[in-house]
Amino acid sequence: YGLLFMQSYEAFNLFDIELNIFTVKYAVLDKSWKNDNVCSSFTRIYMPVKGEGFIRVGKQEIRLLPGNIYIIPASLRFSYKCEDCLEKLFIHMSLKKQDGYDALSNIGKCLILREKGELVERIFGLLNEASIQSLIEFKAALFQVLMEGLSQNGVNLGKATSYPGLVMRAISYIDRHLSASLSIRQVCSSLYTSRSTLHKLFREHLNMSLGRYIDDRILAECERYLVNTDMSIKEISDKLQFCDQFYFSRKFSKRYGFSPSAYRKMNNI
63 YGLLFMQSYE AFNLFDIELN IFTVKYAVLD KSWKNDNVCS SFTRIYMPVK
113 GEGFIRVGKQ EIRLLPGNIY IIPASLRFSY KCEDCLEKLF IHMSLKKQDG
163 YDALSNIGKC LILREKGELV ERIFGLLNEA SIQSLIEFKA ALFQVLMEGL
213 SQNGVNLGKA TSYPGLVMRA ISYIDRHLSA SLSIRQVCSS LYTSRSTLHK
263 LFREHLNMSL GRYIDDRILA ECERYLVNTD MSIKEISDKL QFCDQFYFSR
313 KFSKRYGFSP SAYRKMNNI
């Protein structure tokens with residue numbers, strides 16, 4: 063058969079948004095569920111089922127009520143508390159862009175979907191089925207939650223960003239070799255380019271140095287292991303090739319303002 067016409071949409075970045083789900087859990091909480099100044103590099107979705115809780119973003123206090131769905135975007139700083147009891151399904155996830163960051167970062171507010179009891183029940187049903195088809199439908203329902211949350215709260219994420227090939231190759235290499243031992247020299251050597259060239263491109267297109275980008279990615283990975291796994295701090299330190307867990311703790315504390323153990327405690331639900 064002869065090809066009469068073909069149009070490519072590669073420039074549209076169709077494959078540059080990746081849905082990653084880190085944790086899906088049901089929690090029964092009491093008055094001890096309380097913390098201030100919480101912030102993470104991933105997005106949270108809260109689906110209250112019984113009782114009520116509160117989150118505070120800046121000066122705004124938001125009640126967590128059954129039937130509503132709450133999207134707390136990555137990088138949003140907030141506080142949470144429960145005055146009596148609260149039962150909720152919570153999801154830790156990320157819409158990963160081609161630069162490795164969450165597409166929902168820096169929205170600056172909690173997104174609320176009201177009166178979504180039927181959708182919440184559907185999501186529970188899909189999780190309880192645990193079939194391959196139900197898991198596909200669960201992801202589709204999660205995309206529905208995100209799209210409705212953005213639409214109903216007047217949020218436009220803007221156009222997808224396109225990066226030069228050398229930047230994308232550097233990001234891909236960092237992804238594949240992500241560890242505390244990864245050096246700028248190693249990245250540049252693998253791509254047969256100079257440090258000054260790559261540094262200039264990262265400054266121009268990501269508004270940060272290559273060194274800062276590597277630090278961001280490795281510390282975000284540390285954060286995800288702390289919050290979404292049961293690995294010990296030493297195991298995380300070893301897996302990500304820090305020289306020792308004490309150096310890991312110092313570096314993590316300097317960036318986040320909390321020790322790894324304190325950060326895990328305040329962010330795991």
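The numbers in my numbering rise by one with no breaks, and the one at position 68 of the sequence shown is 130. We put the CB at the ideal spot given by N, CA and C, even for glycine.
Of the candidates Ser241, Glu210, Leu302 and Phe310, Glu210 places its Cα closest to the Cα of Tyr132. In this structure, Ile79 is the residue among Ser243, Ser299 and Ile79 with its C-alpha nearest to the C-alpha of Gly162. The distance from the Cβ of Glu114 to that of Arg125 is about 6 Å, consistent with a contact at the 8 Å cut-off. In the DSSP annotation of this structure, the continuous segment of the alpha helix (DSSP H) that includes Leu204 starts and ends at Ile194 to Gln214. Taking a C-beta distance under 8 Å as the contact criterion, Ile185 and Asn130 do not qualify as a contact pair.
About 6 Å separates the beta carbons of Val100 and Phe140, which is inside the 8 Å limit, making them a contact pair.
Taking C-beta atoms as the reference points, Ile83 and Tyr108 fail to come closer than 8 Å. Rounded to whole angstroms, the gap between the alpha carbons of Lys87 and Ser241 is 28 Å. When Cβ pairs closer than 8 Å are counted between the two stretches, the stretch 217-232 is seen to touch the stretch 266-275, the count reaching three or more. DSSP places Ser252 in the uninterrupted alpha helix (DSSP H) bounded by Ile246 to Leu253. DSSP, reduced to helix, strand and coil, places Ile169 outside both helices and strands of the structure shown, so it counts as coil. Take Asn215, set aside five residues on each side of it, and the residues of its chain with a beta-carbon closer than 8 Å to its own are Lys171, Leu173 and Ile174, in chain order. DSSP, reduced to helix, strand and coil, places Met328 within a helical segment of the structure shown.
The beta carbon of Asp164 is closer than 7 Å to those of Ser103, Phe104, Thr105, Ala136, Ser156, Leu157 and Lys158 in its chain, skipping five residues each way along the sequence. With fewer than 16 other beta carbons inside 10 angstroms of its own, Tyr254 counts as exposed. Burial is judged here by how many other beta carbons sit within 10 angstroms of a residue's own beta carbon; Arg279 has at least 16 and is buried.
The stretch 77-127 contains, as complete beta strand (DSSP E) runs of 3+ residues, the segments 80-91, 96-100, 105-113, 115-119 and 122-126 (chain order).
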